[in-house]
Amino acid sequence: MPLYSYRCKACGHEFETLVRASDVPVCASCNSQDLDKLVSLVAPEAKSKGILANTRAVAKKEGHFSNYSKAERSKL
Ligand SMILES: [Zn+2]
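Numbering (numbering that gives the first Met the number 0), first residue to last: 0 to 75.
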C-alpha cells in the first residue's frame, strides 16, 4: 500500500495515510474529504530517524544545514 501525504483544505491539517485503491482518504482531524495530495518524493526509508540523524550528523560535520528545515535552522 502506498503512503501518501495530504493537506486538508478545510482545516489545514497535514497527515500521511496508507491509501488502498478503493479508499477515499479523509482528514484525520476533521474528516473532510477535501484534501490536497502532497507530492512527497522523500522515500519512506529516508524518513527513518536513524538515517535522518546520520545525514544530519554528516551535514553538521561538513558545516551546512541543508537537511534541516527552515524552522529548525532558526533554532540552531
Ligand atoms: Zn481537516
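All C-beta atoms in this analysis are idealised placements derived from N, C-alpha and C, irrespective of residue type, glycine included. The model shown is predicted, which means the values in this text are computed figures rather than measured ones.
{"Query": "Presumed contact (8 Å Cβ cut-off) between Ala9 and Asp35, rounded CB distance", "Result": "With a Cβ gap of about 11 Å, Ala9 and Asp35 do not count as contacting."}
{"Query": "First through last residue of the alpha helix (DSSP H) which encompasses Ser73", "Result": "69 to 73"}
{"Query": "Residues surrounding ligand 1 [beta-carbon distance to nearest heavy atom under 5 Å]", "Result": "Cys7, Ala9, Cys10, His12, Cys26, Ser28, Cys29, Ser31"}
{"Query": "Coarse secondary structure for Lys8, derived from DSSP in three states", "Result": "coil"}
{"Query": "Cutoff 7 Å; reference Phe14; Cβ partners in own chain excluding five residues on either side", "Result": "Tyr5, Ala27"}
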